[in-house]
Amino acid sequence: MIEEIAYVEWSEDERRAIRRIAETHASPEDMFVRKLVNATMFRNRLYEHTSNECEEGRRHYIYVKPYSAADNGSCGQAIYDAAKRSCSVAMHMKAEFLLWDGTAFVPLRSFPLVPVSPLEFVRTLLDHYMVAGGRAYESLYTVYDMDRNAIIWMLKETRD
19 MIEEIAYVEW SEDERRAIRR IAETHASPED MFVRKLVNAT MFRNRLYEHT SNECEEGRRH
79 YIYVKPYSAA DNGSCGQAIY DAAKRSCSVA MHMKAEFLLW DGTAFVPLRS FPLVPVSPLE
139 FVRTLLDHYM VAGGRAYESL YTVYDMDRNA IIWMLKETRD
């Protein structure tokens with residue numbers, strides 16, 4: 019079953035939707051993924067999610083605002099830079115893992131928990147912390163890049 023989804027820009031100042039960013043269709047599994055990420059990249063613009071809505075169980079809305087690095091602490095600009103840096107396109111949804119080095123997000127060459135199915139993507143997005151390869155990570159931010167069909171995880175290694 020394919021469901022409709024609309025990305026709608028929300029103005030907090032005006033307390034209303036001001037324009038549609040994108041409309042598409044998605045499977046229920048992909049819908050979960052799209053609603054669980056922190057932000058969506060569309061046509062090389064990053065939009066942060068503010069809320070989700072479902073109408074009659076079939077029409078879905080994700081309310082967004084233009085991404086602001088200032089709203090995301092010390093790594094806000096690095097999140098924006100990392101989301102715009104990648105450019106490879108995938109036929110099926112793929113995962114990319116980046117690691118915070120204190121100043122920027124750098125690609126993790128190998129990450130043992132790479133999801134391959136929509137359900138695995140959802141499971142991974144639900145966890146704020148994960149242990150992989152004997153190391154502990156915190157998920158700082160996630161972006162779905164619509165144009166590339168990629169989920170970008172921005173992680174920070176934690177010490178137990």
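Here the working numbering is used: the first residue of the sequence shown is 19, the next is one more, and so on. Where a beta carbon is used, it is the ideal one built from N, C-alpha and C, also for glycine. If you're wondering where the values come from, they're calculated on a predicted model, not measured in any experiment.
Residue from the options with nearest C-alpha to residue i
i: Ala113; options: Ser45, Asn167, Ala44, Ile20; result: Asn167
i: Asn56; options: Lys174, Thr160, Ile170, Met172; result: Thr160
i: Ile97; options: Glu66, Arg37, Tyr79; result: Glu66
i: Ser60; options: Val140, Glu27, Gly91; result: Reading the sequence as shown, one finds Phe at residue 60 and not Ser. The residue with the shortest Cα to Cα distance from Phe60 is Glu27.
i: Ala87; options: Val51, Arg63, Asp31, Glu71; result: Arg63
i: Val51; options: Phe139, Ala35, Thr58, Ser29; result: Phe139
i: Pro130; options: His146, Ala154, Met49, Ala122; result: Ala154
i: Met148; options: Ser45, Asp31, Lys174, Arg103; result: Lys174
i: Thr142; options: His43, Leu54, Pro125; result: Leu54
i: Asp119; options: Ser92, Lys102, Leu144; result: Ser92
i: Val82; options: His43, Ser29, Gln95; result: Ser29
i: Ile20; options: His43, Arg37, Asp89, Asp145; result: His43
i: Tyr162; options: Arg127, Met49, Glu22, Arg33; result: Met49
i: Ile236; options: Ala35, Thr176, Val107, Gly94; result: Outside the shown range of the chain (19 to 178) lies residue 236, about which nothing can therefore be said.
i: Asp186; options: Asp31, Arg37, Thr58, Asp145; result: In the structure displayed, the chain extends from 19 to 178; residue 186 sits before or after that span and is not available.
i: Arg33; options: Glu22, Ile39, Ser69; result: Ser69
i: Pro125; options: Val107, Pro84, Arg103, Leu144; result: Arg103
i: Leu117; options: Arg37, Leu158, Asn90, His146; result: Leu158
8 Å contact criterion, which residue i and residue j should meet: CB distance rounded
i: Ala24; j: Glu41; result: 5 Å
i: Ala100; j: Phe123; result: 4 Å
Simplified DSSP assignment, three categories, for residue i
i: Arg127; result: coil
i: Glu175; result: strand
i: Glu251; result: In the structure displayed, the chain extends from 19 to 178; residue 251 sits before or after that span and is not available.
i: Glu32; result: coil
i: Met49; result: helix
Problem set entry | Ordered list of alpha helix (DSSP H) runs contained in the region 72-122, each at least 4 residues | 94-103
Exercise. So, do the region 107-121 and the region 168-178 have three or more beta carbon pairs nearer to each other than 8 Å?
Worked result: yes
Exercise. Would you say the region 126-137 touches the region 71-79, given that touching needs at least three Cβ pairs under 8 Å?
Worked result: no
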